[in-house]
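Heads up: the protein sequence lines correspond to chains E and W, in order.
Quick note: the first sequence uses the working numbering, first residue 20, plus one each step.
Quick note: the second sequence uses the working numbering, first residue 12, plus one each step.
We put the CB at the ideal spot given by N, CA and C, even for glycine.
This structure is a prediction, so every number in the text was calculated from the model and none was measured.
Below you'll find the structure, written out as structure tokens, and then a few comments.
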Amino acid sequence: MEIIIGVADMKVSNDSEAVLITYSLGSCIGLGIYDSIEKVGGLLHYMLPESSLDTVKAKNNPCMFADTGIPLLFKEAYKLGAKKHSIKTIVVGGSQILDQKGFFNIGERNFTALRKMFWRNNMMISYQHVGGNVNRTIKLEIKSGQAWLKISGSGYQRI
Amino acid sequence: MKSVEKIINDIEALRPIPYTYHKIIEMTKNPDSSINELVDIITYDQGATANILRACNSSYFGLSRKITSIKHAIAYMGLDRLVNLIIVDSAASNFRRGQEGYDLTEGELWRYSVFSALIAQSLAEKNQQKNIPFIFTSALLKDIGKVILHTYVNDSFNEITFMVKEKGLAFIEAEKEVIGIDHAELGAKVAAKWNFSPNMVNIIKNHHFPELAPPDDLSIPIVYLADSICMMMGIGVGSDGLAYRYHQEVMDKLHFSNIDVQKTIADSLEKLKDVETLVNSTGGN
């Protein structure tokens, strides 16, 4: 059963039939987490780095921003039994327009926001495919923790 | 290199925007046109009237009363919303199919186009532009060239992506280099063939080259910026990804800061619902 995660959205699951998928990450980031012991996984698709940009929007939809979406993803996974020390993380997305001279660097800022939060919380990135100017899709199977990455223009590859 | 003439001949396979719709689009540019004139033009064309009323009465608009005339439609929906609906309805059939060469499945380019038109509209409003439906239409149609070019992109995909990855070309530059024509240039030829104004032809041709806009023109920068924001959002983005060039002069011209970019991205999320409304309630067959 495929569960689609839209833009500024997240899902966690311990259903062995579930496959979480988020399409079309441009400068947005897709963060997948998975606890292979508890077989709990989650996927977040956030758009922007910091909730201070619009606190009302952040309150209504925490998944829009890295600093509100990422903690929520982990909290929801913990509720299903996931443990911090056994969680593996996958980070994809964060693309940018060519020669954007720091102006359209939302992709880079999105990734920096994540790295800062991970560093503060002693969390490692297990796999990353970030930056460049491609469009990405990520899929995570709950029963196995197997993930697939698709870059537009080519097929799914196992990661 | 493929014969460019052969590619241009493929324009014939598209379904041109019907005359009535075309006239409405051109009329909305003219501030002196009255609502009555608009109503007269639409009602004169029974097919267009039926299509528009069908779209207005689709469940997506959730109107409590059945709309039975174009006048009612304007009263209930407002002129701007109705004009958007009319324009989207007129162009839908050409965009709905997938474009394999850009790795876009059915409906993806169409969603991208509608999304980018809605963002262009709100940027045009912020910049107090007078010709908003015109900018909306230009943004909506700007990628019509992809509908034709995708088969040629597909044939030369490896060569094009090599140019992008290894030689640092923007995707559109690689299209031109490998195929002999790019999707913007081809789109401009479509618009010209369909008798759109030279202004709109120019916007479509230069939507990736805003530096070529006349100094007092904001429509090309607005369509360019809306396109860039859609790319970043990733909605309906294909194998060309974000491999297009950045133009600082657009930001200067529109007085747009990095924070403005982020705010527009945050605001655009709500527009995704409008995209679904417009896509699902308009024609395409």
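C-alpha gap between residue i and residue j, whole angstroms
i: E/L63; j: E/C82; result: 7 Å
i: E/F2; j: W/R122; result: Because chain E here runs from 20 to 178, residue 2 of chain E falls outside it and cannot be looked at.
i: W/K17; j: W/S167; result: 16 Å
i: W/I214; j: W/I190; result: 22 Å
i: W/V15; j: W/E48; result: 41 Å
i: E/K103; j: E/V38; result: 21 Å
i: W/V175; j: W/I81; result: 48 Å
i: W/N296; j: E/L133; result: Here W/N296 scores only 42 on pLDDT, less than 50, and its place in the model is too uncertain to base an answer on.
i: W/Y255; j: E/E160; result: 33 Å
i: E/K98; j: E/I106; result: 13 Å
i: E/T108; j: E/Q119; result: 28 Å
i: E/S43; j: E/L67; result: 15 Å
i: W/D91; j: W/D271; result: 25 Å
i: E/S55; j: W/Q132; result: 47 Å
i: W/S208; j: W/E222; result: 20 Å
Residue i, DSSP secondary structure in three states
i: W/P99; result: First, the amino acid is wrong: residue 99 of chain W is Val here, not Pro. Of the three classes helix, strand and coil, the one that applies to W/V99 here is helix, per DSSP.
i: E/S43; result: strand
i: E/E21; result: strand
i: E/K169; result: strand
i: E/H64; result: strand
i: E/R128; result: helix
i: W/L115; result: strand
i: E/D54; result: strand
i: E/Y175; result: strand
i: W/G245; result: coil
i: E/V153; result: coil
i: W/F126; result: helix
i: W/H194; result: helix
i: W/G156; result: helix
Residue i at chain W interface by Cβ criterion, 8 Å
i: E/N79; result: no
i: E/L67; result: yes
i: E/I1; result: The question about residue 1 of chain E has no answer here: the residues shown for chain E are numbered 20 through 178.
i: E/S35; result: no
i: E/I116; result: yes
i: E/K30; result: no
i: E/K94; result: no
i: E/I48; result: no
i: E/I178; result: no
i: E/V26; result: yes
Contact list for residue i against chain E, beta-carbon separation under 8 Å
i: W/Q110; result: Near W/Q110 there are no residues of chain E at all, since even the closest Cβ is about 12 Å away, more than 8 Å.
i: W/F168; result: G172
Cβ-based neighbour list, residue i, same chain, cut-off 8 Å, excluding 5 preceding and 5 following
i: W/K77; result: N68
i: W/F267; result: L236 and V261
i: W/T293; result: A66, L96, V99, D100 and A103
i: W/A24; result: I159
i: W/S230; result: A135, Q140, N142, F145, I146, S149, N210, I214 and A224
i: W/Y113; result: L120, K157, H161, V164, G249, S250 and D251
i: W/F126; result: C241, M244, I246, G247, S279, K282, L283 and V286
i: W/I52; result: T31, K34, I35 and M38
i: E/G25; result: T41 and H64
Chain E contact for residue i (CB, 8 Å cutoff)
i: W/M12; result: Only weak support exists for where W/M12 lies, its pLDDT of 46 falling under 50; the coordinates are left without a value.
i: W/I190; result: no
i: W/V272; result: yes
i: W/D193; result: no
i: W/T262; result: A small fix is needed here, since residue 262 of chain W is Met in this sequence, not Thr. Yes, W/M262 lies at the interface with chain E (some Cβ there is under 8 Å from its Cβ).
i: W/D114; result: yes
i: W/Q140; result: no
i: W/P283; result: Going by the sequence as given, residue 283 of chain W is Leu instead of Pro. It does: the Cβ of W/L283 has a partner Cβ on chain E nearer than 8 Å.
i: W/R107; result: no
i: W/T172; result: yes
Contacts around residue i, its chain only, beta-carbon distance under 7 Å, and the 5 residues preceding and following it disregarded
i: W/D21; result: I159
i: E/S163; result: none
Contacting residues, own chain, Cβ-Cβ under 6 Å from residue i (five flanking each side not counted)
i: E/I178; result: Y146, A166 and L168
i: W/K40; result: N142 and F145
i: W/I155; result: G198 and V201
i: E/T87; result: S70, A77 and P81
i: W/M12; result: Interpretation of W/M12 is limited by its pLDDT of 46, a score under 50 that renders its predicted location unreliable; the figure taken from the coordinates is listed afterwards. Correct list, in chain order: G191.
i: E/M136; result: I89
i: W/I28; result: S101 and W205
i: E/E36; result: M20
i: E/I170; result: V153 and R155
Neighbour list for residue i in chain W, Cβ cutoff strictly below 8 Å
i: E/M83; result: A277 and L280
i: E/D73; result: K274 and A277
i: E/F122; result: Y257, Q259, M262, N269 and V272
i: E/I40; result: Result: empty, since nearest Cβ-Cβ is about 14 Å, beyond 8 Å.
Beta-carbon neighbours of residue i, restricted to chain B and to distances below 9 Å
i: E/F130; result: Considering every chain present, this structure includes no chain B. Its protein chains are E and W.
Per-residue contacts from residue i into chain W (C-beta, under 9 Å)
i: E/G45; result: C241, M242, M243, M244, G245, I246, V248, G252 and L253
Partners in chain W for residue i, counting only beta-carbon separations shorter than 7 Å
i: E/I52; result: Per Cβ cutoff of 7 Å: no residues; E/I52 is ~21 Å from chain W at best.
i: E/V153; result: G252
i: E/V111; result: Result: empty, since nearest Cβ-Cβ is about 12 Å, beyond 7 Å.
Residues that residue i contacts on chain E, provided the C-beta gap is smaller than 7 Å
i: W/A181; result: L117
i: W/Y163; result: The premise fails here: W/Y163 is roughly 15 Å from chain E at the closest Cβ pair, so nothing lies under 7 Å.
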